Amino acid sequence: MKEQLDLLLQYLRGAWVYRRWAVMTVWLLCPIGWIAVTMLPSQYTSEARVYADTRSILQPLLRGLAVDTDPSKELSLMVKTLLSRTNLETIARYTDADVSVTTNEEYDKLLDDLKENIQIKSAGRENLFTISYSGADPQYVQDVVQAALDVFVENAVGRKREDTSQANQFIEAQLAEYEGRLVEAENNLAQFKQENAGAMPDTLQQLIKKVENLNAALETTRLSKKEAEIQLANAQSQLQQEMVLISKQSSSYQTEYDIRLEVLETRLDELLFRFTDKHPDVKETRRQIAELKDLKESYIEQSSPDTANPIIKEIKLYIGKLENTIASLTVREENQMEKIASLSEVVSQIPDIEAEFTSLMRNYDVTRKQYEQLLTRRESALISQNIGQTSDEITFRVIDAPLYPKAPSGPMRPLFLAAVLVASVGAGGGLAFLNSQARPVVISANQLLQQTNIPVFGVVSATENSGLLTQSRKQKWIFALLSALLLLLFALFMVINIVPSLQSAITQGVKLI
1 MKEQLDLLLQ YLRGAWVYRR WAVMTVWLLC PIGWIAVTML PSQYTSEARV
51 YADTRSILQP LLRGLAVDTD PSKELSLMVK TLLSRTNLET IARYTDADVS
101 VTTNEEYDKL LDDLKENIQI KSAGRENLFT ISYSGADPQY VQDVVQAALD
151 VFVENAVGRK REDTSQANQF IEAQLAEYEG RLVEAENNLA QFKQENAGAM
201 PDTLQQLIKK VENLNAALET TRLSKKEAEI QLANAQSQLQ QEMVLISKQS
251 SSYQTEYDIR LEVLETRLDE LLFRFTDKHP DVKETRRQIA ELKDLKESYI
301 EQSSPDTANP IIKEIKLYIG KLENTIASLT VREENQMEKI ASLSEVVSQI
351 PDIEAEFTSL MRNYDVTRKQ YEQLLTRRES ALISQNIGQT SDEITFRVID
401 APLYPKAPSG PMRPLFLAAV LVASVGAGGG LAFLNSQARP VVISANQLLQ
451 QTNIPVFGVV SATENSGLLT QSRKQKWIFA LLSALLLLLF ALFMVINIVP
501 SLQSAITQGV KLI
């Protein structure tokens with residue numbers, strides 16, 4: 001932890017050496033950013049609150065006799081469709097905004113702006129809604145909210161229930177459609193029973209029993225194969241032992257090269273007594289000895305009597321028999337696995353068939369129930385033809401009318417000013433840090449030791465006469481002065497953007513220039 005802290009302090013001191021880069025960066029970015037924030041156009045917001053009363057005395061009287069309608073759902077639909085293109089065109093016409101556009105592209109852009117900025121949401125109480133709009137012109141903002149409120153109310157004034165004859169036509173069409181679906185579902189169910197008569201639960205149990213028997217046989221085959229593999233490994237180990245024994249016996253086998261090897265080894269001893277290992281005669285003699293040994297080994301290998309050994313022959317025959325047995329068991333294992341896979345696939349298809357049958361039955365039941373419900377609804381619709389329908393199901397009361405916004409609601413300029421300051425300081429600090437890494441400066445004895453691996457026995461401090469201390473103090477004073485001026489400039493921009501009239505006057509003056 002201490003090493004990491006020392007490294008962090010080293011980075012900070014290195015960046016402090018290049019603090020002039022940070023100051024220049026901050027002084028370059030901050031004024032530009034603050035001016036841009038100050039010149040952002042002000043946004044004004046106007047809103048209205050309206051309450052929708054959906055209570056009606058006829059609803060409990062007509063319940064169960066006629067087709068019921070839910071005013072709350074109708075109101076929810078009206079809220080969702082307020083920003084439809086038709087309503088947006090009406091709002092644009094009420095505010096005369098459509099007069100200011102000349103092309104289709106500008107008209108579409110106007111409607112998109114209305115759709116994005118008009119907000120209608122619940123005010124926290126049931127059926128209490130808030131309609132708001134934000135824009136650059138306060139008068140236009142108020143007009144848009146008033147127009148949206150008028151359209152919202154007009155869509156409900158005089159709204160009646162759906163015409164009974166149209167309901168009857170719709171129900172008759174649905175009855176015809178569901179009758180066709182019901183006939184189709186019955187035919188599909190009958191055809192499915194004919195095609196899959198054998199795929200019943202008893203067949204499934206038989207197939208599962210066969211799969212279990214095959215799995216047991218597969219385990220037996222694998223066990224036999226494992227036993228044969230163990231026997232094969234033991235036989236191969238025994239063969240290896242016999243081969244090692246024959247090899248040991250062959251090591252004492254006399255060949256025509258033995259006498260020559262003895263002569264050369266005697267000569268090598270004499271040469272080593274007289275010369276070193278690097279002498280040419282010594283090297284040549286050793287080469288000849290190695291060559292004769294290779295020839296001897298080749299001769300012994302070719303003359304080895306292991307091929308005539310009856311034990312080895314018997315072991316090799318036994319190994320061949322075991323290998324054939326393993327190959328046969330492998331083929332049997334693969335055959336059993338294929339049968340298991342085939343039967344498992346058949347077993348897996350039976351639940352799908354049963355699931356499809358269940359799906360067909362469910363589809364048939366749902367279609368039949370829906371058909372019966374439509375018959376009941378048709379009777380209700382016929383009864384509702386003789387019942388008068390109310391014309392005022394939803395009553396609106398404007399709680400707060402839209403007002404002319406006197407103060408802007410956005411943007412959050414103080415927050416943006418602070419963000420510009422923080423980002424500029426971060427950019428300046430980052431630039432100073434990058435300079436300290438690109439052109440590092442030794443600022444401590446520990447850093448010098450890490451860079452050179454040379455022990456440091458002391459540090460010589462700068463004296464007053466050298467001028468370094470004066471220069472350092474001067475640079476610090478300049479840094480402090482520039483930082484203070486930057487904070488004063490920040491405070492000035494903050495005051496300008498907090499006071500709306502002052503910000504508006506400055507913005508208008510800049511635009512005139």
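Its first residue numbered 1, the sequence shown is counted upward by one per residue in UniProt numbering.
A virtual CB, placed ideally from N, CA and C, is assigned to each residue, including glycine.
Keep in mind that this is a model prediction, so the values were computed, not measured.
Asked: Cβ pair GLY428, TRP16 closer than 8 angstroms; Found: no
Asked: Beta-carbon proximity of GLN43 to SER134, cut-off 8 angstroms; Found: yes
Asked: Pair within 8 angstroms by beta-carbon distance, LEU292 and VAL282; Found: no
Asked: Beta carbon of ALA228 nearer than 8 angstroms to that of LEU329; Found: yes
Asked: Cα-Cα separation between ALA190 and GLN336, rounded to whole angstroms; Found: 38 angstroms
Asked: Exposed unless 16 or more other CB atoms sit within 10 angstroms - verdict on SER84; Found: exposed
Asked: Simplified DSSP assignment, three categories, for SER409; Found: coil
Asked: Neighbour flag for LYS193 against chain C, beta carbons, 8 angstroms; Found: Annotation note: the requested chain C is absent from the structure, which comprises a single protein chain.
Asked: Same chain, Cβ closer than 7 angstroms to GLU186, neighbours up to 5 away in sequence not counted; Found: TYR364
Asked: Span separating the alpha-carbon of PRO310 from that of GLU338; Found: 42 angstroms
Asked: Same chain, Cβ closer than 8 angstroms to ASP53, five either side skipped, listed in chain order; Found: ASN127, ILE394, THR395, PHE396 and ARG397
Asked: Three-state secondary structure (DSSP) of GLU126; Found: coil
Asked: Where GLU162 falls, given that 16 or more other Cβ within 10 Å makes a residue buried; Found: The predicted model places GLU162 with a pLDDT of 47, which falls under 50 and marks its position as unreliable, so this point remains unresolved.
Asked: Rounded straight-line distance, which links the Cα of VAL144 to that of ASP112; Found: 14 angstroms
Asked: Whole-angstrom distance between GLU265 and GLY239, CA atom to CA atom; Found: The displayed chain sequence assigns Leu, not Gly, to residue 239. Taking the straight line from one Cα to the other gives about 36 angstroms.
Asked: MET494 beta carbon less than 8 angstroms from that of LEU417; Found: yes
Asked: Cβ-based burial, GLY151 [other Cβ within 10 Å; buried from 16]; Found: Note on identity: in this sequence residue 151 is Val, with Gly being the wrong assignment. Flag for VAL151 reads buried.
Asked: C-beta contact flag for ARG413 and LEU29 at 8 angstroms; Found: no
Asked: SER46 versus ALA123: straight-line alpha-carbon distance, rounded; Found: 15 angstroms
Asked: Start and end residues, beta strand (DSSP E) containing ALA52; Found: 44 to 53
Asked: Minimum C-alpha distance to LEU214 - residue among THR470, ARG332, PRO402 and GLY430; Found: ARG332
Asked: Status (buried if at least 16 other CB within 10 Å, exposed otherwise) for LEU5; Found: exposed
Asked: Inter-residue spacing [alpha-carbon to alpha-carbon] between TRP34 and ARG19; Found: 22 angstroms
Asked: Segment limits, beta strand (DSSP E) that includes residue 515; Found: Residue 515 is absent from the structure shown; the chain starts at 1 and stops at 513.
Asked: LEU110 - containing alpha helix (DSSP H), residue span; Found: 104 to 117
Asked: First and last residue of the uninterrupted alpha helix (DSSP H) at MET24; Found: 19 to 38
Asked: Own chain, CB closer than 7 angstroms to PHE479, minus 5 neighbours either side, in chain order; Found: ARG19 and VAL23
Asked: GLY135 - partner residues in DSSP beta bridges; Found: TYR44
Asked: LYS321 - DSSP class collapsed to helix/strand/coil; Found: helix
Asked: First and last residue of the uninterrupted alpha helix (DSSP H) at THR276; Found: Careful: THR276 lies outside any alpha helix (DSSP H) and carries neither H nor E.
Asked: Reduced DSSP category for ILE315 - H, G, I as helix; E, B as strand; rest coil; Found: helix
Asked: Status (buried if at least 16 other CB within 10 Å, exposed otherwise) for LEU82; Found: buried
Asked: Close-in-space but distant-in-sequence residues of the same chain around LEU360 (CB under 8 angstroms, 5 per side omitted); Found: ALA185, ASN188, LEU189 and PHE192
Asked: Given LEU114 as reference, the closest of ILE498, ARG93 and ASP277 once Cα atoms are compared; Found: ARG93
Asked: Test item: CB-CB of VAL79 and ILE208 under 8 angstroms; Found: no
Asked: Secondary structure of ILE208, DSSP reduced to three states; Found: helix
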